[in-house]
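Protein chains in written order, with the numbering used here: chain X, 498 to 772; chain E, 138 to 390. Have a look at the structure below, then the notes.
Given below as structure tokens:
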């Protein structure tokens, strides 16, 4: 089997996933390299979520191989997977917060439960506060998820994903079902996390403008705001677009290629929000 | 040709795998004792009032129905024996288990089902916990511990119900005769089957409830379906198993 280069954090190699004989992913090859941003576009039901869950080892592939942080996880035992998973952060579609736990307990969850992180108990509180400050929700520690709005829950989900200082982050439709203003706040946070900590990011979304934002803007630490890339000096952000349709990867390339693409389905994502 | 057999066999296989993991986890770290305590409170303490009610009235109704039959033979003094044996061997364990199945198998299925459809189970796995260890094993342990206790409570309160009907309402016998015969009639194998049954039922209730919860698909409707199935399947198994355990003890005797 081919050796996996050390800068490849995630690779799906000709992966097929089936549920009750219905394929959800068909022969998908996907790769995420250290330092890059990948925007995974696709209509709902196109397999974005399944792809991310397969990458985490939550769904076993029927065919093909999944490599996570250099290891083939296709047939790995759940306990060994836990250690690998502790090195990445995930935001689930609806946030995936535990509704019986307070916000503090939710954000502390990976630190308390992921043994390989070896977080000393006395540090947990300060790291939770730091993560919540990042998403500007430090005042909600004692609240329950049901007491927060949809956008706030998504932000707590981001705090929980970044609290363990992961090597890379996977976001599953972070803006789905949110109003445009809240969606922009969420996207700004994602860009901020990517640019301040130089974190490799994979983002699944059905909104092209989310991808555009990540491809064309970066978070400027000095002004504490989003700035267009290239406006003042070089910023090293590589953003790649992957379009999925009916369980297959139908397009892969840079933003300009996506906007020029003639394929009707792909163009739907590239054109709708242009200009 | 045998394609129709595939889904049920697959489901059985998954159920057995889940049960195996849940039991193995009893002996494997990490243990979530807090969750065990919370579940014991919900399943055990929470069920005491309803289990007492059911126990009381089942004891009372057995006495009431038996009183006529016993009168025909002039055997009113035997009422304590009959109530005691029926309750301890059969009605106590089964009725308590059915009540707990209705309360807690449904509770487990709906709670775990909601967690499943809102991706909380996936989040749990992604954040370093095994859902079987964190959710199923504590519920299994708590039910296994609490159901025999509840059964003992139901048996005892049932005997009180029988006493009130037999001695206070119908004057069938004296209090001393009632209590001494109902105590003397019980043998070790009655106690054994009266406690083994709730232990087996507890395993069925917890595992069936959790299994249907964890395999929920299809949003809130799916949660409703999982809940119904859990209660129905658990209740049916309770009646099937009580027959076989009873048969075993009859052969033994």
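Every residue, glycine too, gets a C-beta built ideally from N, C-alpha and C.
Supposed close pair residue 696 of chain X, residue 671 of chain X - CB separation, criterion 8 Å: With 8 Å as the limit, residue 696 of chain X and residue 671 of chain X do not qualify as a contact, their Cβ atoms being about 14 Å apart.
Beta-carbon separation (whole angstroms), residue 290 of chain E vs residue 188 of chain E, contact threshold 8 Å: 6 Å
The region 227-237 of chain E in contact with the region 375-384 of chain E per 3-pair CB rule at 8 Å: yes
CA nearest to the CA of residue 395 of chain E, picked from E/369, E/219, E/269, E/163: This structure does not reach residue 395 of chain E, given that chain E is present from 138 up to 390, and the question cannot be answered.
For residue 318 of chain E, the nearest candidate out of E/141, E/362, E/243, E/213 (CA to CA): E/213
Buried or exposed by the 16-neighbour rule on C-beta atoms within 10 Å, applied to residue 636 of chain X: Exposed, by the Cβ-count rule.
For residue 722 of chain X, the three-state DSSP class (helix, strand or coil): In the three-state scheme derived from DSSP, where H, G and I count as helix and E and B as strand, residue 722 of chain X is classed as strand.
Close Cβ partners of residue 294 of chain E (< 6 Å) along its chain, the five nearest in sequence each way excluded: 189, 192, 193
Beta-carbon spacing of residue 547 of chain X, residue 587 of chain X below 7 Å: no
Proximal residues, the region 542-554 of chain X versus chain E, C-beta separation under 7 Å: 550, 553
Neighbour list for residue 267 of chain E in chain X, Cβ cutoff strictly below 9 Å: Contact of residue 267 of chain E with chain X by beta-carbon distance below 9 Å involves 575, 576, 579.
Below-7 Å beta-carbon distance, residue 610 of chain X vs any chain E residue: For residue 610 of chain X, the answer is yes, since a Cβ of chain E falls inside 7 Å of its Cβ.
Where residue 550 of chain X sits in the DSSP three-state scheme: helix
According to DSSP, residues forming a beta bridge with residue 705 of chain X: Residue 705 of chain X is not bridged to any residue.
Cβ pair count under 8 Å reaching 3, the region 168-175 of chain E against the region 273-285 of chain E: These segments touch.
Residues that residue 606 of chain X contacts on chain C, provided the C-beta gap is smaller than 9 Å: Structure shown: chain C not included; protein chains present are X and E.
Contact list for residue 583 of chain X against chain E, beta-carbon separation under 9 Å: 264, 265
Interface flag, residue 324 of chain E vs chain X, CB-CB below 7 Å: no
Residues bridged to residue 315 of chain E [DSSP beta-bridge criterion]: Residue 315 of chain E pairs with nothing; no bridge assigned.
Cβ pair count under 8 Å reaching 3, the region 249-256 of chain E against the region 295-313 of chain E: no
Residue 639 of chain X versus residue 655 of chain X: straight-line alpha-carbon distance, rounded: 17 Å
Contacting residues, own chain, Cβ-Cβ under 8 Å from residue 162 of chain E (five flanking each side not counted): 267, 269, 270, 273, 274
Start and end residues, beta strand (DSSP E) containing residue 749 of chain X: 745-750
For residue 564 of chain X, the residue or residues it bridges with in DSSP: X/508, X/569
Contact list for residue 215 of chain E against chain X, beta-carbon separation under 7 Å: Ordered by position in chain X, no residue passes the 7 Å Cβ test against residue 215 of chain E, which lies about 51 Å from the chain.
Continuous alpha helix (DSSP H) stretch holding residue 575 of chain X: start and end: 575-582
Selection of the region 244-257 of chain E by Cβ proximity to chain X, strictly under 9 Å: 248, 251, 252, 255, 256, 257
8 Å Cβ shell around residue 239 of chain E - same chain, five flanking residues per side excluded: 368, 372
Contact under 7 Å by Cβ, residue 263 of chain E with residue 364 of chain E: no
Closer than 7 Å to chain E by CB, residue 747 of chain X: no
Pick from X/690, X/673, X/624, X/585 that is closest to residue 707 of chain X, judged by C-alpha positions: X/673
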